[in-house]
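Enquirer: Numbering (the working numbering), first residue to last: 48 to 191. The beta-carbon is built from N, C-alpha and C at its ideal position, and this holds for glycine as well. Take this structure first; my questions come after.
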Amino acid sequence: MSELLSRRAFAKVCGVAVAGSVLVVAGRVDKTTSFDANYRAPQAWIRQAIPLAEKHGLRLLIENVWSNFLLSPLEMARYIDEFQSDTVGSYFDVGNVVCFGWPEQWIRILAGRIGKLDIKEYSRSKQENEGLWKGFEVTGPPGI
48 MSELLSRRAF AKVCGVAVAG SVLVVAGRVD KTTSFDANYR APQAWIRQAI PLAEKHGLRL
108 LIENVWSNFL LSPLEMARYI DEFQSDTVGS YFDVGNVVCF GWPEQWIRIL AGRIGKLDIK
168 EYSRSKQENE GLWKGFEVTG PPGI
């Protein structure tokens with residue numbers, strides 16, 4: 048029981064439900080935060096979190112969010128591999144790359160690093176004709 052409680056406490060601190068993994072956003076690059084500084088800083092705190100995640104049977108899964116960071120599958124693979132730990136992997140969001148890349152290429156390159164997959168509708172045609180964010184304004188078949 049205490050192991051479950053401590054796992055829940057860890058998950059609560061991380062802001063997630065007890066689900067086997069913690070979604071990690073590895074920072075953001077913008078005009079005030081350089082790519083190289085953002086590369087190193089999150090790596091330091093992710094490294095610190097690895098032993099605790101391992102202790103509680105959680106994986107630290109880095110999501111490819113729109114943060115101007117890790118913009119290619121090769122960058123993401125290298126970033127994950129530098130931890131040299133199976134605890135760190137990818138939370139791959141297909142919708143977050145379809146607007147500027149090809150998900151099938153990301154999936155092939157990330158291969159065994161993907162711990163969780165998020166799939167949602169996105170229309171390249173709406174993106175090209177109406178704007179980037181309009182690509183998300185699609186509906187799937189009834190019942191989906």
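Between which residues of its own chain and S161 is the CB-CB distance below 6 Å, once the five residues before and five after are set aside?
Expert: For the record, residue 161 in the displayed sequence is Ile; it is not Ser. Only S137, F139 meet the Cβ criterion.
Enquirer: Am I right that Y169 and V145 are in contact with their C-beta atoms under 8 Å? What's the rounded C-beta distance?
Expert: Sure, about 4 Å apart at Cβ, within 8 Å.
Enquirer: Would you mind listing the beta strand (DSSP E) stretches within the segment 61-129 that are 3+ residues and don't spill past its ends, in chain order?
Expert: With a minimum length of 3 residues, the continuous beta strand (DSSP E) runs that stay inside the segment 61-129 are 68-71, 106-110.
Enquirer: Just list the alpha helix (DSSP H) runs in the segment 127-172, keeping only unbroken ones of 4 residues or longer that don't cross its boundaries, in chain order.
Expert: Listed in chain order, they are 141-144, 150-157.
Enquirer: Measuring CB to CB, does I127 end up less than 9 Å from V72?
Expert: The answer is no: Cβ separation not under 9 Å.
Enquirer: Residues in its own chain within less than 7 Å of E184 by CB, not counting five upstream and five downstream?
Expert: The residues are K173.
Enquirer: Do you know offhand how far S114's Cα is from A84's?
Expert: Roughly 14 Å between the two C-alpha positions.
Enquirer: Would you call the CB atoms of R155 and P120 closer than 9 Å?
Expert: Going by C-beta atoms, R155 is nearer than 9 Å to P120.
Enquirer: Go through its chain and collect everything with a Cβ distance to I166's Cβ below 7 Å, but skip five positions before and after it.
Expert: The residues are V141.
Enquirer: Quick one: what does DSSP say G182 is sitting in, helix, strand or coil?
Expert: Residue state, collapsed to three classes: helix.
Enquirer: Just how far apart, CA to CA, sit G67 and A100?
Expert: Approximately 9 Å between the Cα atoms of the pair.
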